[in-house]
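Below: the structure, in structure tokens.
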């Protein structure tokens with residue numbers, strides 16, 4: 087469980103290894119310089135075939151932020167220094183094409199193959215953005231919850247075909263200092279040449295669950311009796327209506343075939 | 087086009103802003119310490135609901151690396167300091183469940199909703215890994231091309247249900263020093279409160295295309311006459327057989343509904 091003890095030999099590793107999600111921010115807006123730095127950092131991530139298949143939208147309109155926060159029951163969607171919405175974007179690739187070319191591109195644009203590439207591009211950029219923010223002394227949290235009512239968010243942002251919001255990142259001056267959360271044992275995540283055996287995996291998860299139970303019971307805020315594997319099994323058994331996401335993706339022209 | 091001039095006020099930003107993909111490595115293997123540092127850095131990325139829904143497999147078997155390199159016609163799949171394969175992994179979440187629970191989880195595991203979360207988790211971790219490598223003075227390149235024959239790679243790594251290889255990262259001591267590649271104008275990627283208008287987008291892409299034509303003509307290696315938007319339109323018009331990816335995902339039990 088002692089993941090954070092790996093030697094942090096430089097400032098980059100020190101920033102990466104001390105990451106924790108910040109969910110409470112001081113009432114201070116980001117400066118234009120901070121916003122620009124974060125976006126330019128995002129842009130420097132690798133991109134498959136250099137497609138740069140993402141868009142970032144800063145949601146600054148207080149009424150829209152409030153509405154989104156109320157839909158998601160997530161106060162830090164409203165209360166933060168800046169809210170970035172990261173969207174997978176295959177639309178930009180088509181803009182300079184003729185009408186005929188737009189038709190001809192449709193088959194590939196609608197494929198799960200290309201949508202997956204856009205999702206990966208977007209997340210790579212987002213992780214750079216989060217680290218850039220943290221390097222500036224800011225805190226950040228990534229949130230799926232901005233998508234609680236994904237069609238409403240789509241409408242708010244006037245997203246065209248082939249553009250899909252994936253998650254938000256709230257950034258700001260931290261007003262809390264939570265502990266770093268212990269990660270899975272390295273051996274549960276990394277193996278050489280082949281996927282680990284089921285029995286090895288069970289053993290590692292059991293050890294992790296023990297450690298996480300202790301972490302959840304003793305951490306400074308939001309204590310509870312929980313362990314990692316059980317909480318996920320209980321969640322996944324709930325059969326939530328996640329199909330609405332699939333329908334939305336189809337309506338946006340992506341992940342269709 | 088002058089994206090890289092944004093002030094790099096700390097080592098994290100300096101590392102992020104000087105990223106370039108390295109495709110030629112010296113014949114030096116990574117040390118166990120370097121490999122561990124990279125994996126632990128990957129693990130510290132944010133993860134949706136803390137699912138940690140990814141696995142990383144180091145491909146070290148020379149015969150397998152050679153085979154994969156030949157399939158993909160990508161020499162740096164074989165010639166590098168270390169090859170990491172990043173996989174979306176929803177399997178680990180199920181391991182501690184009973185047989186009945188595994189059945190009950192199936193609906194959510196098969197959803198595009200959950201698969202998308204796993205893809206995002208994997209890419210967030212991967213970007214941390216790449217930056218950690220770069221911070222150690224190593225170079226890296228992310229590659230979809232390890233998936234050229236995705237079923238063969240799946241078989242090589244003995245990947246179970248719900249585990250899907252997304253891309254590789256080759257890491258090593260750089261044996262080339264390519265230029266930093268100019269990114270899209272910030273305004274083409276970032277907007278506030280709503281997606282940019284089509285006419286604004288066209289204007290920004292035109293300016294970028296001009297700059298990129300110059301970049302491709304004058305860069306130190308692999309010169310060519312190309313521009314950003316046209317090369318992607320031509321690629322996407324090709325109607326490549328990308329549906330085989332969709333079938334593979336369905337066979338793995340993900341992105342089904």
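Chains as they are written, first to last, in the numbering used here: chain X, 87 to 343; chain L, 87 to 343. Backbone N, C-alpha and C define an ideal beta-carbon position, used for all residues, glycine too.
Start and end residues, alpha helix (DSSP H) containing residue i
{"i": "residue 329(L)", "result": "329 to 337"}
{"i": "residue 293(X)", "result": "284 to 304"}
{"i": "residue 97(X)", "result": "97 to 103"}
{"i": "residue 80(L)", "result": "No information on residue 80(L) is available, as it lies outside the stretch 87 to 343 that chain L covers here."}
{"i": "residue 194(L)", "result": "185 to 195"}
{"i": "residue 312(X)", "result": "Careful: residue 312(X) lies outside any alpha helix (DSSP H) and carries neither H nor E."}
{"i": "residue 129(X)", "result": "118 to 129"}
{"i": "residue 236(X)", "result": "236 to 242"}
{"i": "residue 148(L)", "result": "148 to 158"}
Below-8 Å beta-carbon distance, residue i vs any chain X residue
{"i": "residue 87(L)", "result": "For residue 87(L), the predicted structure reports a pLDDT of 37, less than 50, and the residue's modelled location is therefore unreliable. A value from the coordinates is still provided. By this cut-off, residue 87(L) is not an interface position."}
{"i": "residue 166(L)", "result": "no"}
{"i": "residue 246(L)", "result": "yes"}
{"i": "residue 277(L)", "result": "yes"}
{"i": "residue 181(L)", "result": "yes"}
{"i": "residue 195(L)", "result": "yes"}
{"i": "residue 329(L)", "result": "yes"}
{"i": "residue 241(L)", "result": "no"}
{"i": "residue 300(L)", "result": "no"}
{"i": "residue 237(L)", "result": "no"}
{"i": "residue 152(L)", "result": "no"}
{"i": "residue 97(L)", "result": "yes"}
{"i": "residue 122(L)", "result": "yes"}
{"i": "residue 116(L)", "result": "no"}
{"i": "residue 163(L)", "result": "no"}
{"i": "residue 261(L)", "result": "no"}
{"i": "residue 107(L)", "result": "yes"}
{"i": "residue 310(L)", "result": "no"}
{"i": "residue 125(L)", "result": "yes"}
Neighbour flag for residue i against chain L, beta carbons, 8 Å
{"i": "residue 307(X)", "result": "no"}
{"i": "residue 92(X)", "result": "Because the pLDDT of residue 92(X) is 44, which lies under 50, any placement of that residue in the model is unreliable, and the number read from its coordinates should be weighed accordingly. Chain L contact via Cβ: present."}
{"i": "residue 102(X)", "result": "yes"}
{"i": "residue 225(X)", "result": "no"}
{"i": "residue 110(X)", "result": "no"}
{"i": "residue 190(X)", "result": "yes"}
{"i": "residue 280(X)", "result": "yes"}
{"i": "residue 131(X)", "result": "yes"}
{"i": "residue 269(X)", "result": "yes"}
{"i": "residue 258(X)", "result": "no"}
{"i": "residue 146(X)", "result": "yes"}
Per DSSP, cross-strand counterpart(s) of residue i
{"i": "residue 169(X)", "result": "256(X)"}
{"i": "residue 142(X)", "result": "172(X) and 276(L)"}
{"i": "residue 250(X)", "result": "174(X)"}
{"i": "residue 136(X)", "result": "Partner(s): none; residue 136(X) has no beta bridge."}
Whole-number beta carbon distance between residue j and residue i, since they are thought to touch under 8 Å
{"i": "residue 232(X)", "j": "residue 163(X)", "result": "6 Å"}
{"i": "residue 171(X)", "j": "residue 251(X)", "result": "5 Å"}
{"i": "residue 106(X)", "j": "residue 266(X)", "result": "5 Å"}
{"i": "residue 334(X)", "j": "residue 236(X)", "result": "5 Å"}
{"i": "residue 139(X)", "j": "residue 176(X)", "result": "6 Å"}
{"i": "residue 123(L)", "j": "residue 204(L)", "result": "The Cβ separation is near 24 Å, so there is no contact."}
{"i": "residue 103(L)", "j": "residue 229(X)", "result": "So it is not a contact: roughly 26 Å between Cβ atoms."}
{"i": "residue 201(X)", "j": "residue 174(X)", "result": "7 Å"}
{"i": "residue 55(L)", "j": "residue 254(L)", "result": "Residue 55(L) falls outside the range modelled here, since chain L spans only 87 to 343, and no answer is possible."}
{"i": "residue 279(L)", "j": "residue 150(X)", "result": "7 Å"}
{"i": "residue 264(L)", "j": "residue 298(L)", "result": "About 15 Å separates the two Cβ atoms, so there is no contact after all."}
{"i": "residue 327(X)", "j": "residue 294(X)", "result": "About 30 Å separates the two Cβ atoms, so there is no contact after all."}
{"i": "residue 281(L)", "j": "residue 249(X)", "result": "6 Å"}
{"i": "residue 98(X)", "j": "residue 101(L)", "result": "5 Å"}
First and last residue of the uninterrupted beta strand (DSSP E) at residue i
{"i": "residue 227(X)", "result": "225 to 229"}
Problem - Inter-stretch contact (C-beta, 8 Å, three-pair minimum) for the stretch 284 to 291 of chain L and the stretch 174 to 183 of chain X - result: yes
Problem - the stretch 208 to 222 of chain L touching the stretch 149 to 156 of chain L, judged by at least three CB pairs closer than 8 Å - result: no
Handout entry: the stretch 108 to 122 of chain L in contact with the stretch 255 to 275 of chain L per 3-pair CB rule at 8 Å
Key = yes
Practice task
May I ask you to verify whether the stretch 315 to 329 of chain L touches the stretch 184 to 195 of chain X, counting CB pairs closer than 8 Å and requiring at least 3?
Solution key: yes
Practice task
Specify whether the stretch 238 to 253 of chain L and the stretch 240 to 250 of chain X touch according to this definition: at least 3 beta carbon pairs, one from each stretch, less than 8 Å apart.
Solution key: no
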